[in-house]
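With my numbering applied, the sequence shown corresponds to residues 223 to 610, in that order. Glycine included, each C-beta is placed from N, C-alpha and C at the ideal position.
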Amino acid sequence: IDGLQADLAWLGIKYDRVEQQSKRMARYAEASEQLKAAGRFYECFESPVELDLKRKKQLNMGKPPVYDRAALALTEEQKEAYRAEGRQGYWRFKLDQERIEWTDGIIGPISIDAASVSDPVLIKADGQVLYTFASSVDDVDMGVTHIVRGADHVTNTATQIQIMKALGGTPPTFAHHSLLTGPQGEELSKRLGVLSLRDLRARGVEAMALLSLMARLGSSKPVELAGSMDDLVAGFEVGSFGAAPTKFDAEDLFPLTRHHVQGLPFSAVQERIAALGVPDDLAEAFWAVAKGNITILDDLGQWWTLFRDGAEPVVDEGDRDFVRQALALLPPQPWTKATWGEWTAAVKEATGRKGKDLFRPLRRALTGLDAGPEMADVMPLLRKVPTV
């Protein structure tokens with residue numbers, strides 16, 4: 223639960239209260255007695271091997287592998303005999319064999335023949351209450367009005383609608399969205415840690431980037447960075463989503479993260495910059511220079527290291543004498559924005575170089591990079607002069 227709450231806090235999603243199914247076992251027991259009294263719960267004793275043999279026999283006969291309800295014919299004496307053998311009974315919900323229909327918020331009208339679905343096991347032989355039952359009881363008790371989940375739950379929804387009605391509840395509105403696949407159409411697995419919120423957060427993904435992508439992925443609307451949660455909510459339409467599988471690539475989060483990060487005001491990153499050791503008098507200028515050249519906020523550390531400690535100069539052999547001559551003309555610190563223009567003008571006058579033959583070797587000597595922020599903005603932040 224702590225992990226879930228941490229994830230929700232990071233995403234900025236607020237919740238009304240915390241409920242734990244492990245603390246509601248008495249309520250599930252009460253609901254099971256209600257269903258038993260209504261004739262909707264029945265005890266079964268088949269072993270997994272016996273059930274598997276039944277399924278294989280049905281398939282070999284060209285029939286759907288639907289539970290045959292053999293347990294309904296058991297007498298109390300037969301049940302006691304099974305218990306004497308050491309078998310523990312498990313409980314199935316008896317479906318009304320009729321069509322279960324609802325209007326799905328994404329797929330539209332859905333109709334499922336309950337006779338084509340096995341009576342679901344709701345309580346295992348060891349007493350474990352299964353999700354299908356526990357969530358149905360919870361949704362009725364807690365007044366859930368809308369459930370949005372994957373298209374692989376459509377059959378579950380049909381059975382849960384009957385369970386909720388048998389409990390005296392009103393089923394909520396359901397919407398079943400498309401399932402996500404990997405970039406190549408491969409199946410995603412919950413076991414892929416690289417897609418956990420914790421891992422994405424550790425990789426520098428911003429919450430608003432993730433929310434913006436997931437609020438549009440699989441819908442008819444283009445993915446674009448939202449400015450706030452309120453903006454996302456205002457533009458969200460469940461009906462705009464489709465049921466066809468949708469490709470998800472975690473790398474798509476980084477352009478959105480870059481866009482979000484580069485639009486942050488200084489006040490939003492001030493503490494992070496201070497933690498890097500950037501002097502207060504340089505902090506705002508540092509942010510102005512660095513923000514256009516980062517994808518995630520952790521990239522700020524690389525830029526401050528460069529400005530504070532200096533870069534490893536990158537100098538082509540043919541430029542070595544030129545760079546040495548240029549560095550000899552570099553005025554003493556402190557440098558200002560005007561320093562770059564004044565210095566390069568003096569170097570041009572002394573060497574005759576111009577254009578990229580002048581500027582590129584000097585940028586590489588000072589920063590070790592071929593491209594980056596405007597050098598006029600960089601000069602006031604550089605703490606050390608390179609040696610060549």
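Assignment of PHE458 by DSSP, reduced to helix, strand and coil, places it in the coil class.
DSSP lists HIS398 as the beta-bridge partner residues of ARG371.
Rounded to whole angstroms, the separation of the alpha carbons of TYR304 and HIS399 is 43 Å. By the neighbour-count criterion, in which 16 or more other beta carbons inside 10 Å mark a residue as buried, LYS346 falls on the exposed side. When ASP335, TYR289 and GLY330 are compared, the shortest CA-CA separation from TRP313 is found for TYR289. Rounded to the nearest whole angstrom, the C-alpha separation of TRP324 and ARG494 is 51 Å.
A distance below 6 Å between beta-carbons, with the five flanking residues on each side excluded, links MET430 to the following residues of its chain, in chain order: HIS482. Fully contained in the region 453-540 are the following alpha helix (DSSP H) runs of length 4 or more, in chain order: 475-484, 488-497, 502-512 and 522-531.
Remark: C-beta atoms of LEU435 and VAL445 approach each other more closely than 8 Å.
Rounded to whole angstroms, the Cβ separation of LEU549 and VAL610 is 7 Å, and the two are in contact under 8 Å. Between ASP341 and LYS316, the CB-CB gap stays under 8 Å.
Annotation: the continuous alpha helix (DSSP H) that includes PHE355 extends over 353-363.
Boundaries of the beta strand (DSSP E) harbouring ASP326: 321-326, taken from the DSSP string. The count of Cβ pairs closer than 8 Å, one atom from the region 566-579 and one from the region 529-540, stays below three, leaving the stretches out of contact. Residue environment for ALA356: buried (at least 16 other C-beta atoms within 10 angstroms of its C-beta). Under the three-state reduction of DSSP, SER254 is assigned to helix. For PHE581, the enclosing alpha helix (DSSP H) has its first and last residue at 578-589.
Per the coordinates, the alpha-carbon of LYS236 lies some 12 Å from the alpha-carbon of LEU226. Between LYS258 and TYR264, the alpha-carbon positions lie close to 7 Å from each other. Remark: three or more beta-carbon pairs, one from each stretch, lie closer than 8 Å, so the region 457-465 and the region 318-338 are flagged as touching.
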